[in-house]
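**Student:** I'd like to ask you about the structure that follows.
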Amino acid sequence: MPYNSVSVALRSFLIPTMLSSCGFRSARAASRTFRLVNGSQTRCYAMAAHDVSNPKLTTIDNSKLTITKTTTPKELIPNDELVFGKHFTDHMLSLEWTATDGWQAPRITPYQNLSLDPATCVFHYAFECFEGMKAYKDEKGNIRLFRPDKNMARLNRSSSRIALPKFDQKAMIDLISQFVKTDERFIPAARGYSLYLRPTMIGTQRTLGVGPPGSALLYVIASPVGPYYPTGFKAVSLEATTYAVRAWPGGVGNSKLGANYAPCIVPQMEAASRGFHQNLWLFEEGGEEWVTEVGTMNLFAAIVNKDGKKELMTAPLDGTILEGVTRDSILELARERLVPEGWEVNERRFSVRELAEADKEGRMLEVFGAGTAAVVSPVRNIGWKNSMINCGLEADKEAGPIAQRMKDWIEGIQYGDETHPWSLQI
């Protein structure tokens, strides 16, 4: 039989079988399917869990919100005893979804355990994504959220990537605002303190079959937190890592999935055993080791480039790094405020070799990570191939001027010192 005939015959068998196992009635219900090219199977792309064009499945009716307050309120933890992610507020926000009825009525209830069947798909196939964001109190006692639209847009992208449902972003921001106001007393009224919010979506269908979940749960919990550096900046050391890869082209490195984090713990432990605080994740391609992220943060480097110009650079959004909210904020502020000072601000590929050369030639200015938890995290040095790259900090300094300015600028917006559209007062 000619190859083309074999291809057609196999596809006529494989595609219906695959779609059926995933819960689809036809190829129209799937976004991509198997293809046979030169006798080999190409990538099986993610399939849509539901028809995103159907507003019924993405609409949230906030008028149906119910609030049930706890009868046993918790005692507040003193600010100096707060530990990240250890203490939680009195309540939680939750919404259930089904493929037939869409989003159900949202609920704010006392903080409680979840009851899930042992066969629930999140336990077996990692149908889970999440966000990290914060609520702040300004000097007048007003509550503020920082760029919540960015977090909700990213959560929608993450959920879509793993066949979980999408939702109306504005409605969700309104619900989170109601939730935060319900637990307002847990927001510390001090600079550097905030209420960390963790929106999370999981697949809840009871099945061992591999396919898009027919039901899901979106919930939000909150934890009061203190400054990432209680006594001021503490610069960290990084181990350039290539023996383990955080993400790869065509993968899910740009989605905020729990499954992206667990595999990074062992390499981090190994780096710590050698005296480093975090991994600098590299990706080998074309004979170079390209910088991607640091630990769970985006990475920025400030150098004097070979044209003699000061340059602030970070890796591009090529699908292997997370599209960080703090990353985007730093880029926008840098283009607005540093470019007039003569800086170049670039999203481009750069290798660890380029950083080593900048250090060797006296062109290294500073390096820092960027993320929700710390805003910025200065880097003192990078261990690479049995050598140490000095990242420009003086021996008695814990942060460079750009990292310090970015922290001050962003926190000024977060705490309402500067009137800015990024700060949403609720």
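Be aware that the sequence shown starts at 7, since it is given in our numbering, and climbs by one per residue.
Quick reminder that beta carbons are idealized off the backbone N, C-alpha and C, glycines included.
Since the structure is predicted, the reported quantities are computational estimates derived from the model, not experimental observations.
1) With a CB to CB cut of under 6 Å and the five nearest residues on each side skipped, what residues in its chain are close to Q431?
2) Going by DSSP, which residues form a beta bridge with L201?
3) DSSP beta-bridge partners for Y131?
4) One question on the structure: do A409 and F356 come within less than 8 Å of each other, judged by their Cβ atoms?
5) Whole-angstrom Cβ separation of P255 and G348, contact assumed at under 8 Å?
6) With distance defined between alpha-carbon atoms, name the residue in F90, V186, F173, E87 nearest to K62.
7) Please classify M370 as buried or exposed, where buried requires at least 16 neighbouring CB atoms within 10 angstroms.
8) Drop a sphere of 10 angstroms on the beta-carbon of A277, count the other beta-carbons inside from all chains shown, and report buried for 16 or more, exposed for fewer.
9) Indicate whether T378 and G232 have their beta-carbon atoms separated by less than 8 Å.
10) Sorted by chain position, which residues of the same chain lie with C-beta nearer than 8 Å to E353's C-beta, five sequence neighbours on each side aside?
11) Ignore the nearest five residues each way along the sequence and tell me which others in V381's own chain have a CB closer than 8 Å to its CB.
12) Within a Cβ cutoff of 7 Å, which residues of the same chain sit near T213, ignoring the five residues on either side of it in sequence?
13) With H, G and I counted as helix, E and B as strand and the rest as coil, what does DSSP make of E360?
14) With distances taken Cα to Cα, identify the nearest neighbour of H97 among R191, Y131, S200.
15) Grouping DSSP H, G and I as helix and E and B as strand, with all else coil, what is F239?
16) Using DSSP with H/G/I as helix, E/B as strand and the rest coil, what is F192?
17) Can you give the Cα-Cα distance for G389 and V300, rounded to whole angstroms?
18) Return the chain-ordered list of same chain residues with a C-beta closer than 7 Å to the C-beta of A376, the five sequence neighbours on each side being excluded.
19) Would I327 pass as a contact of L263 if the rule is Cβ separation under 8 Å?
20) CA-CA distance, S100 and S164?
**Tutor:** According to the structure data:
1) N148, R150
2) A141, P230
3) Paired residues: none, contrary to the question.
4) no
5) Actually they do not touch by this definition, with Cβ atoms about 35 Å apart.
6) F173
7) buried
8) buried
9) no
10) M319, T320, A321, P322, L323, L337
11) Y234, T332, M412, K413, I416, E417
12) A125, C127
13) helix
14) R191
15) coil
16) helix
17) 13 Å
18) M303, N304, F306, G330, T332, R333, I336, V382
19) no
20) 18 Å
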